[in-house]
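Student: Chains as they are written, first to last, in our numbering: chain C, 1 to 93; chain V, 1 to 512.
Idealized CB from N, CA, C, for every residue including glycine.
Keep in mind the model is a prediction, meaning the values are calculated, not measured.
(1) How about residue 451(V) and residue 481(V): are their beta carbons less than 9 Å apart?
(2) Could you round the C-beta distance between residue 71(C) and residue 27(C) to whole angstroms and report it? I think they count as a contact, below 8 Å.
(3) With a Cβ-Cβ cutoff of 9 Å, do residue 27(V) and residue 224(V) count as a contact?
(4) Alpha carbon to alpha carbon, what distance is there between residue 73(V) and residue 59(V)?
(5) Over the uninterrupted beta strand (DSSP E) stretch that includes residue 413(V), give me the two end residues.
(6) Output yes if chain V places a C-beta closer than 9 Å to the C-beta of residue 69(C); else output no.
(7) Check whether the Cβ of residue 77(C) lies closer than 9 Å to any Cβ atom in chain V.
(8) Scan the stretch 37–52 of chain C for residues whose Cβ lies nearer than 8 Å to a Cβ of chain V and list them as they occur along the chain.
(9) Compute the distance between the beta-carbons of residue 418(V) and residue 254(V), then report whether it is under 9 Å.
(10) Using a Cβ-Cβ cut-off of 9 Å, state whether residue 248(V) counts as contacting chain C.
(11) Return the residue from the list 341(V), 136(V), 29(V) and 110(V) that minimises the CA-CA distance to residue 68(V).
(12) Using a beta-carbon distance cut-off of less than 7 Å, what residues from the stretch 51–66 of chain C approach chain V?
(13) Name, please, each residue of chain C whose Cβ falls closer than 7 Å to the Cβ of residue 437(V).
(14) Would you call residue 510(V) buried or exposed, if buried means 16 or more other Cβ atoms sit within 10 Å of its Cβ?
(15) Can you give me the C-alpha to C-alpha distance between residue 45(C) and residue 54(C), rounded to a whole angstrom?
(16) Applying a beta-carbon distance threshold of less than 8 Å, which residues of chain C neighbour residue 487(V)?
(17) Could you confirm whether any beta carbon from chain C is found closer than 9 Å to the beta carbon of residue 193(V)?
(18) Does the beta-carbon distance from residue 50(V) to residue 100(V) come in below 9 Å?
(19) Does any C-beta atom of chain C lie closer than 9 Å to the C-beta of residue 472(V)?
(20) Bridge partners of residue 51(C), per DSSP?
(21) Using a 10 Å radius around the Cβ and a threshold of 16 neighbouring Cβ atoms, would you call residue 281(V) buried or exposed?
(22) Sorted by chain position, which residues of the same chain lie with C-beta nearer than 6 Å to residue 201(V)'s C-beta, five sequence neighbours on each side aside?
(23) Just grab the DSSP bridge partners of residue 166(V) for me.
(24) Strictly under 9 Å for the Cβ-Cβ distance: is residue 226(V) near chain C by that measure?
(25) According to the neighbour-count rule (16 or more other Cβ atoms, all chains shown, within 10 Å of its Cβ), is residue 246(V) buried or exposed?
(26) Would you call the stretch 213–223 of chain V in contact with the stretch 309–324 of chain V, where contact means no fewer than 3 C-beta pairs closer than 8 Å?
(27) Going straight from the alpha carbon of residue 331(V) to that of residue 313(V), what length do you get?
(28) What is the DSSP secondary structure of residue 15(C), counted as helix, strand or coil?
(29) Could you tell me whether the Cβ of residue 1(V) comes closer than 9 Å to any Cβ of chain C?
(30) In chain order, what are the residue ranges of uninterrupted alpha helix (DSSP H) at least 4 long that sit wholly in the stretch 183–250 of chain V?
(31) What is the residue span of the alpha helix (DSSP H) that residue 134(V) lies within?
(32) For residue 63(V) and residue 110(V), which I take to be in contact (beta-carbon distance under 8 Å), what is that distance rounded to the nearest angstrom?
(33) With 9 Å as the threshold, decide whether the Cβ of residue 442(V) is near any Cβ in chain C.
(34) Helix, strand or coil: how does DSSP classify residue 93(V) here?
(35) Return the chain-ordered list of same chain residues with a C-beta closer than 6 Å to the C-beta of residue 153(V), the five sequence neighbours on each side being excluded.
(36) Please confirm whether residue 121(V) has its beta-carbon closer than 9 Å to some beta-carbon of chain C.
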């Protein structure tokens with residue numbers, strides 16, 4: 001699962017028309033600090049992730065430090081998926 | 001609320017408001033409410049802690065903080081202790097933060113927690129390296145010794161803004177100067193205890209004096225926007241509805257983004273009675289959209305560089321004429337304006353020139369920069385004796401009715417999402433890369449919002465774009481990092497050997 005999320009993120013970052021692409025990025029390249037992901041692009045990214053993984057971010061999740069690199073974003077997405085599963089599991093019992 | 005006559009210290013407004021309306025909500029943040037009494041008590045305790053830890057009257061306190069309840073406590077605490085606060089954005093590169101703290105010789109720093117948990121900030125003594133927790137700081141007994149004697153003409157805060165030759169420069173603002181704007185705003189917009197103000201700008205923006213000091217001046221309530229609202233403007237609309245926001249103040253680009261992305265025009269916002277914007281040009285058609293969508297709210301365009309606070313105002317009328325641009329309007333009562341190098345427009349039209357501003361709201365100086373300060377001002381006998389006028393560097397047109405129109409800059413300063421940027425600072429940062437021989441940066445596109453960097457390498461193999469971005473990120477905030485980087489064999493030059501920026505602009509347009 002973890003690799004899948006990362007692959008989706010890499011593909012998004014490589015393909016989104018509103019992100020700047022200065023060349024091959026590593027998973028730990030700071031996207032906002034390097035001016036690759038600006039405030040407008042963050043909104044697009046957030047909406048994309050919510051739709052793609054059927055999750056919903058809270059205000060607290062959307063901290064710039066949690067969206068700084070592909071690794072960080074993956075961690076955040078994984079956390080939201082786990083929370084969703086726990087809630088669904090709870091409902092099913 | 002009537003205010004005392006004459007110049008005041010900003011903290012005196014807080015003392016007065018807290019004694020008159022102790023239970024009035026001062027700050028609303030998420031589900032937390034802090035009353036005027038609590039704000040006053042906490043600020044006084046923190047002031048005592050500052051004094052105990054060596055803050056002298058006039059000493060600087062760096063506030064490396066997002067706008068928050070704690071940041072507002074720290075602002076008033078610094079003032080009560082007789083200090084000068086220096087707001088700094090926590091997402092600036094470490095080197096830039098340290099350079100600013102060194103430049104203003106801040107002994108104490110209040111810094112947001114580094115982790116992404118909801119941890120409170122801490123107080124750091126930069127000389128001893130000692131760190132004090134927020135809880136311990138607030139537990140300091142409030143003593144009479146906490147109050148530092150200050151005069152209205154002494155600095156209340158220093159706002160660091162992009163520097164044209166490299167490092168950021170500190171605009172030093174006195175109690176009197178900011179007080180003139182805040183007091184006028186309270187009267188002009190009829191602010192009262194019924195008002196809930198949201199101003200989603202960082203603490204380091206001059207816009208943030210409006211909501212913070214009207215807590216004290218007008219006993220109005222400051223509503224803190226969630227941090228994520230910078231990216232997700234929908235959150236601001238929800239906030240405005242849930243908290244019954246009555247007064248909005250932001251940069252125009254945020255309002256435009258909210259219309260484009262978050263459905264601002266369709267949102268009722270029934271409690272909103274005043275919308276203010278400042279900090280950059282509001283495109284006329286966007287002002288018209290907003291005017292039509294929210295007829296219940298008065299709409300104002302405010303103007304003034306950081307060096308002067310707000311000095312002109314324009315109320316957007318119901319029937320907005322298509323003109324050259326949205327006027328910046330007429331001077332506030334505490335400001336006087338005149339034009340330098342004024343020329344009549346062809347055909348006997350309006351007068352155009354460089355805008356000069358005088359009056360109570362002007363900065364005292366650029367911190368530690370006497371030469372730049374001297375260059376920024378010019379002394380003119382305007383009939384009231386020799387008067388210090390600030391050269392804004394803004395080209396304006398004076399219309400027959402006395403209204404001012406902003407038409408452009410006389411130098412290389414640009415605005416991007418409301419952030420003021422000197423292209424020279426970006427060039428200095430990029431040019432410090434050891435493998436680059438020469439660099440130039442230009443701004444293009446609507447509102448000059450797109451930055452293109454051109455560079456010539458010292459050796460054949462030029463550094464890649466990612467490396468140049470990484471280098472810039474060590475020195476510059478993310479909003480100053482160019483959108484693209486182009487490597488040239490040599491810089492285009494004019495006949496006198498200077499870089500030909502027009503040719504660069506052509507290259508920029510033709511490059512893929």
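Tutor: Taking the definition as stated:
(1) yes
(2) 5 Å
(3) yes
(4) 17 Å
(5) 413–416
(6) no
(7) no
(8) 38, 39, 40, 42, 43 and 46
(9) yes
(10) no
(11) 29(V)
(12) 59, 62, 63, 64, 65 and 66
(13) Simply none; closest approach about 20 Å.
(14) exposed
(15) 13 Å
(16) Simply none; closest approach about 12 Å.
(17) no
(18) no
(19) yes
(20) Answer is none; residue 51(C) lacks a bridge partner.
(21) buried
(22) 207 and 208
(23) 163(V)
(24) yes
(25) buried
(26) no
(27) 7 Å
(28) helix
(29) Low confidence applies here, because residue 1(V) scores a pLDDT of 45, under 50, leaving its location unreliable and the question unanswered by this model.
(30) 208–218 and 234–242
(31) 134–138
(32) 5 Å
(33) no
(34) coil
(35) 174 and 176
(36) no
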